[in-house]
Every structure is written in structure tokens, then in C-alpha cells.
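Reviewing the structure listed below.
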Amino acid sequence: MNSSTKQLVCLFVLLILLGTSCDAGLLRHKQYVEIKNLLPGEATLTIHCKSKDDDLGSHVLGPLGTFSFHFRPRFIGLTLFFCSFQWKNSPLYYYDIYKQSRDYDRCTDCLWGIQPNGPCLLNDTTHAYTICDQWNP
Ligand SMILES: *[C@@H]1O[C@H](CO)[C@@H](O)[C@H](O)[C@H]1NC(C)=O
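Residues -24 to -1, 1 to 113 (mature numbering (1 follows the signal peptide of the UniProt record, and there is no 0)) make up the sequence shown, in order.
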């Protein structure tokens, strides 16, 4: 191969590589996140979720009430949504409700139940909120 053929081959390979990585980005599945009030004693839960770019506003959830949103994860950088949670005389708790690095592979529909000790993700097999985590420190 002469050098201009080599350059053409290189350009071609580069374009294919770029094309595949873009496709991978565009084909990212949508994410659905639902937050359900599972507090005992008919407590009302106030939540407020945000990402770097979006403020989803403050929402008051009655017993078993839900709030949900969906989005397409970023292909440059990582999507992060964090929320505050408060009820009755509780402190203001925070939790990273969607962390792309943690959640992209484990749930397309990420269904969270909020309990006093922290949020629990629904187990798809048992349909119970048993995959529990702790509030952000
Ligand atoms: C969901 O529940 C099943 C059955 O109890 C269990 O085997 C599985 O490990 C659970 N999944 C997670 C992610 O905890």
C-alpha cells in the first residue's frame, strides 16, 4: 500500500469507529424512575429531585403516592438525579435516586419505595421492595 492508500484506510477505520460509538449512544435505552411513598402511619412525603440540568420541582406524595419521570441517559458523561426527602419531623434526607454508573445495567424501570431507613428498589423477581440502600451521608 502506498501512503495515501494507508491514509484512506485509516480515515475509513476512524469513521467506522466513530459511527459505532455514536450508535451505541443513540441506542441507549430510556430510563423510567418511580418513587413511591411507603412510609408507615399514613405519613405524607415531600420530595424534590434534580439533575445538573433539570429541576423536577417539589412534590407531595400521600400514602402509597408516586412520582415518576423518564429520560434518556447521556452518552457523554453520566446522568445523575438526586432527591431530597422529608416527612413529619424527619431530617431532610438526600439520595442519588438515579446514578448511571450504578443503575444503567440493573434497571430500565427503576422503582423505588421510600421507607424511614432509606430507599428500597423493587426486586423484579419477587415484586417486593427489598434491594435497600442508605440515605446519602
Ligand atoms: C431478587 O429476589 C430473588 C429471589 O429471592 C433473589 O434470588 C435475587 O437475588 C434478588 N435480586 C436482587 C438484585 O437482590
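All C-beta atoms, glycine included, are put in the ideal place defined by N, C-alpha and C.
Range of the contiguous beta strand (DSSP E) that encloses residue i
i, result
"S77", "It is not in any beta strand (DSSP E) - S77 instead sits in the alpha helix (DSSP H) that spans Q76 to D79."
"F45", "T42 to F47"
"T22", "L21 to K26"
"L56", "L56 to W63"
"S34", "D31 to L37"
"C96", "G94 to N99"
Cβ-based neighbour list, residue i, same chain, cut-off 7 Å, excluding 5 preceding and 5 following
i, result
"L32", "C25, K26 and F45"
"D79", "C86"
Whether residue i touches residue j by CB criterion (8 Å)
i, j, result
"S60", "L68", "yes"
"G89", "K12", "yes"
"Q110", "P49", "no"
"L14", "W63", "no"
"E10", "L87", "yes"
"F43", "H35", "yes"
Residues near residue i in its chain [Cβ-Cβ closer than 8 Å; skip 5 each side]
i, result
"S77", "L54"
6 Å Cβ shell around residue i - same chain, five flanking residues per side excluded
i, result
"H5", "T84"
(request) Count the CB pairs spanning the region 64 to 79 and the region 32 to 44 that are closer than 8 Å, and state whether there are at least three. (result) Below 8 Å, too few C-beta pairs join the region 64 to 79 and the region 32 to 44 to call them touching: fewer than three.
(request) Kindly provide the chain-ordered list of residues whose Cβ lies closer than 6 Å to any non-hydrogen atom of ligand 1. (result) Counting only beta-carbon distances shorter than 6 Å to the non-hydrogen atoms of ligand 1, the qualifying residues in chain order are N99, T101, T102 and I107.
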